[in-house]
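Worksheet for the structure shown next.
Residue numbers (the working numbering): 1315 to 1611.
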């Protein structure tokens, strides 16, 4: 494993492939694909990784009518990380822009992501993510993980800066970096919390920088239906416990583990209400996370 980037292999800045991992979304998926038609710099290709069992006829018709510009990949078992890994192996562009299937954006999105890659030691970029109720600010930081494992997002700042993490609904990564770092961690499941943060830490471990660029802005609709991050309620809570602890066991020093127990008190309370006091499934998730995690701190 190298500690400093070998920059000679990178093109400057390179073509952009867009990847959309989708599950049970209809109108919002089509809307995203339509927005990609109007980009100031057209995508090199558009890959849709479809995890849906079925679609409405109009969705199928749209995908068939646009098959000359949309490459459709299918995944039978829904998984955000598996979908990203499939796309990672299939893309042809120099830069891979991952977008959610429920985001809105301006015609300059691809261009602003691409412009950042003139910095040859750059491995990845995340843009601004707005949503209902979000407030923009001028703080000089975004995307931090503290020593105690607290995730400080602030992906609404107007200041361009170096960051530690990625935001999965609006992130781009050099293809060479994707190939070097390897797969997204398949141990994350359910709501897939921390999966892109984990990958960001791996990118930085390989010696690359990650930039936050507020010009590359999306509005995250956060559709209530569909999406591989929206499992049934109890499964959502169980996966929260697993994913939190798996990330902590992997990256956060033992002395800070009690902080996570405190932060999870609401999750435990909600689960105990839903399960009539049965906390055994959550304990099993913690044990499974401990057994599967390979410490890297």
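The beta carbon of each residue, even a glycine, is placed where N, CA and C say it ideally should be.
- Only residues of its own chain outside the window of five on either side were considered, and among them 1487, 1488, 1491, 1517, 1522, 1523, 1524 have a CB closer than 7 Å to the CB of residue 1437, listed in chain order.
- For residue 1412, the enclosing beta strand (DSSP E) covers residues 1409-1413.
- Residue range 1484-1488 is occupied by the beta strand (DSSP E) that includes residue 1485, with no alpha helix (DSSP H) assigned at that position.
- In the structure shown, residue 1607 falls within a coil segment according to DSSP collapsed to helix, strand and coil.
- Between residue 1394 and residue 1364, the beta carbon gap of about 13 Å keeps them out of contact (Cβ cut-off 8 Å).
- The region 1344-1358 makes contact with the region 1373-1385; the number of CB pairs closer than 8 Å reaches 3 or more.
- Between residue 1429 and residue 1327, the C-beta spacing is below 8 Å.
- Shortest Cα-Cα distance from residue 1600 to any of 1405, 1334, 1556, 1571 involves 1556.
- Bridge pairing for residue 1359: 1331 [DSSP].
- Under the three-pair Cβ rule at 8 Å, the region 1476-1484 counts as touching the region 1407-1416.
- Around the beta-carbon of residue 1566, 16 or more other beta-carbon atoms lie within 10 Å, marking it buried.
- Taking the Cβ atoms as the reference, residue 1503 lies roughly 5 Å from residue 1553, within the contact range of under 8 Å.
- Excluding residues up to 5 positions away in sequence, 1468, 1470, 1471, 1472 lie with their Cβ nearer than 8 Å to the Cβ of residue 1451 in the same chain.
- Residue 1505 counts as buried, since no fewer than 16 other beta carbons sit within 10 angstroms of its beta carbon.
- Secondary structure in the region 1465-1527: the beta strand (DSSP E) runs of 3 residues or longer, each lying completely within the stretch, are 1484-1488 in chain order.
- About 4 Å separates the CB atoms of residue 1531 and residue 1442; that is less than 8 Å, so the two are in contact.
- The three-state secondary structure of residue 1406, taken from DSSP, is coil.
- CA-CA distance, residue 1360 to residue 1333, rounds to 6 Å.
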